[in-house]
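One point on numbering: in our numbering, the residue at position 313 of the sequence shown is 294, and numbering is uninterrupted.
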Amino acid sequence: MQLASSGGRRLRHAALAARKLALEAERTVTRKELSAAARDAGKALDLRPAQRAVLSELVACWGEQEWERLLVWPSNDYLMSRTGLTERAIRRILRQLIDLQLIVPKDSPNGKRYAVKDLAGQVVDAFGFDLTPVYARRGDWTVMLMEQKQLREVQKRTFDEVTICRRATEEALAALAEHFPEVDCIALEGELKTLQARTPARSKVTLPADLLDAWQLLRTDAEEAFYQAGNAGLGVRHINNNNGSPSETCNKGFPTKAEAVRSTEQTSEHLSPELILEACPTLSDFGQPVRDLADIVSAGRYLRASLGAHESAWAEAVEDIGTVRAAIAVIYVLQLYEDDAAKNGGESRIKNPGGYFRALTRMVKSGKINLAVELLAMRRRRMS
-18 MQLASSGGRR LRHAALAARK LALEAERTVT RKELSAAARD AGKALDLRPA
32 QRAVLSELVA CWGEQEWERL LVWPSNDYLM SRTGLTERAI RRILRQLIDL
82 QLIVPKDSPN GKRYAVKDLA GQVVDAFGFD LTPVYARRGD WTVMLMEQKQ
132 LREVQKRTFD EVTICRRATE EALAALAEHF PEVDCIALEG ELKTLQARTP
182 ARSKVTLPAD LLDAWQLLRT DAEEAFYQAG NAGLGVRHIN NNNGSPSETC
232 NKGFPTKAEA VRSTEQTSEH LSPELILEAC PTLSDFGQPV RDLADIVSAG
282 RYLRASLGAH ESAWAEAVED IGTVRAAIAV IYVLQLYEDD AAKNGGESRI
332 KNPGGYFRAL TRMVKSGKIN LAVELLAMRR RRMS
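Structural data, given as C-alpha cells:
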C-alpha cells in the first residue's frame, strides 16, 4: 500500500478511490439497506469478526439523513463501549476498513468527530466517516458472493470426486488382496497412503492443483491391475509371440494332436482316458472324441482358455509337471469349478480358475497333490 503524508492523517490511495464512489442522484438510503450492504460486504471480503463488529456499529450510527454522503461520527470511546475492543484495536480496524475501500475518513480541523448544525439546531454536515462506498459497491458484493458460491460448488464436486476415487482405489486393492494375493500391490498401496496424507479435510478452501489428477490416475492403475489379474474378466490376454506362419494363428478349429506324449510321460492306469472321462464329464465341451492321452492333451490345451488361464500358465505347467498332467490339471480344475457352481446356485467359490490352475500345478509339482488320487475321489463322488 502506497502512502502519502498530508501533515495530519496519513493519506491512503484506497481512501481517494473510495471517495469517488457516489450514490445515485436523489437516492436516499435507509439504515436497513445500508446494514444489508454491510453484511454482504463482510461476507464478500471475508472480514474478521472484529472488523464486522466495528463496521456494524458504524452502520448503526447512520441517521438516515437526506445527504449525498452517508456520514457518521461515533467516537472511539463509543465504539470501544459497543464492541469491547481496545482503542488500539479500534484504530487498527478503522485503518483496515479504509484500505478495503469500505469507509472514507472525513477529518475535522482539530481531528475530532462531530456534527455541524445550523442556527435551528439541525445537523447539516459532519466530520467522521463516510459509509457511501459500502452501499455504492453493493453490485461488487453481489458478484463476489456469486463467484464464491460457484467456487464452493466446484470445490465440493472436486472433493466428492476425490472421495469416489479413494473408495474405488481401496475397493480395487482389497479385491486384489482377496482374489489375487500373488499380485504385488506394494507400490499402489504406498501411493494410496501418500495421497491420503496429501488430501486436506473438506473444511479447507482449496485442494492442491494436481491432487484430483493423481487420485484419478491411482484409481485407474488399481482397477487396471485388478482387471489384468483376472485376464480382462473374459479369457486369455493375447501375447503375440508367434514366429510361425501368420495363418496358423487364425485357425479357429479344434486343436489336433499337436503335442506328442513323450515316453517318459506314460502314466499308470489310474490316469487313463477312461478314468478322466468318468470323473470329468466336462470333457464333452471339447467336442471331439477322446480315445487316448494325445486326445487328453489336445482337450487340455483347448479348454485351458475356458479357465481364463494365460498361455504362460500352460507353458509353466508343461515344464513343471509334463504335458499330460498339465492337460489333466486343466480338465480337473474346470470340473471342480462347474461342480461347485452347480452346488451353490450358479456361483462358484473358485473366483479365479486360472489362478487355481497355477496353484494346483505347483502343488502337483511339490507332491502335495496326487492327480490320480483326486480323480478317483471325484469319480467316486460322481458315482455315489
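The C-beta atom is built at its ideal place from N, Cα and C for all residues, glycine as well. The structure presented is a predicted model; accordingly, all values stated were derived computationally and were not measured.
query: Where residue 62 and residue 120 are concerned, what is the direct C-alpha to C-alpha distance, given to the nearest angstrom?; result: 32 Å
query: Along the chain, where does the alpha helix (DSSP H) containing residue 366 start, and where does it finish?; result: Since the first residue of the chain shown is -18 and the last is 365, residue 366 is not available in this structure.
query: Quick one, are the C-beta atoms of residue 19 and residue 81 less than 9 Å apart?; result: no
query: In chain order, what residues of the same chain lie with their CB nearer than 7 Å to the CB of residue 362, ignoring the 5 residues before and after it?; result: none
query: Compare the beta carbon distance of residue 356 and residue 277 with 9 Å and say whether it is the shorter of the two.; result: no
query: State buried or exposed for residue 157, treating a residue as buried only when at least 16 other CB atoms are found within 10 Å of its CB.; result: buried
query: Could you check the C-alpha separation between residue 330 and residue 270 for me, to the nearest Å?; result: 30 Å
query: As an exercise, report each continuous beta strand (DSSP E) stretch of at least 3 residues that is fully enclosed by the segment 19 to 104, in chain order.; result: 85 to 87 and 95 to 98
query: Tell me, please, which residues DSSP counts as bridged to residue 171.; result: DSSP lists no partner for residue 171.
query: For residue 161, does the three-state DSSP call read helix, strand or coil?; result: coil
query: Can you tell me whether DSSP reads residue 359 as helix, strand or coil?; result: helix
query: Is residue 290 near residue 338, with beta carbons less than 9 Å apart?; result: yes
query: DSSP has residue 108 in a bridge; who is on the other side?; result: 95
query: Tell me where the alpha helix (DSSP H) around residue 191 begins and ends.; result: Counting along the chain, residue 191 falls outside any alpha helix (DSSP H), and DSSP gives it neither H nor E.
query: Can you look up residue 166 in the DSSP assignment and give me helix, strand or coil?; result: coil
query: Under a Cβ-count criterion, where at least 16 other Cβ atoms within 10 Å of its own Cβ denotes burial, should residue 306 be classed as buried or exposed?; result: buried
query: In this structure, does DSSP put residue 271 in helix, strand or coil?; result: coil
query: Straight-line CA distance for residue 87 to residue 187?; result: 40 Å
query: Leaving out five residues before and five after residue 42 in sequence, what residues of the same chain have Cβ atoms less than 6 Å from its Cβ?; result: 53 and 55
query: Which of the three DSSP states is assigned to residue 261 in this structure?; result: coil
query: According to DSSP, is residue 349 part of a helix, a strand, or is it coil?; result: coil
query: With distances taken Cα to Cα, identify the nearest neighbour of residue 13 among 39, 28, 280 and 27.; result: 39
query: Should residue 294 and residue 285 be called a contact, given that it needs their Cβ atoms to be closer than 9 Å?; result: yes
query: Since I believe residue 46 is in contact with residue 85 (beta carbons under 8 Å), could you give me their beta-carbon distance rounded to a whole number of angstroms?; result: Wrong, their Cβ atoms sit about 17 Å apart, outside the cutoff.
query: Give the single residue among 332, 66 and 297 whose Cα lies nearest to the Cα of residue 346.; result: 297
query: Label residue 203 either buried or exposed according to how many other C-beta atoms from any shown protein chain fall within 10 Å of its C-beta, with 16 as the threshold for buried.; result: buried
query: Express the C-alpha separation of residue 75 and residue 59 in angstroms, rounding to a whole number.; result: 14 Å
query: Whose C-beta lies closer than 8 Å to the C-beta of residue 176 among residues of the same chain, with five residues either side of it excluded?; result: 147, 192, 195, 196 and 199
query: Would you tell me roughly how many angstroms separate the C-alpha atoms of residue 164 and residue 27, rounded to the nearest one?; result: 51 Å
query: According to the neighbour-count rule (16 or more other Cβ atoms, all chains shown, within 10 Å of its Cβ), is residue 101 buried or exposed?; result: exposed
query: Would residue 173 be called buried (16 or more neighbouring beta carbons within 10 Å of its own) or exposed?; result: buried
query: How would you label residue 33, buried or exposed, when you count the other beta carbons within 10 angstroms and need 16 or more for buried?; result: buried
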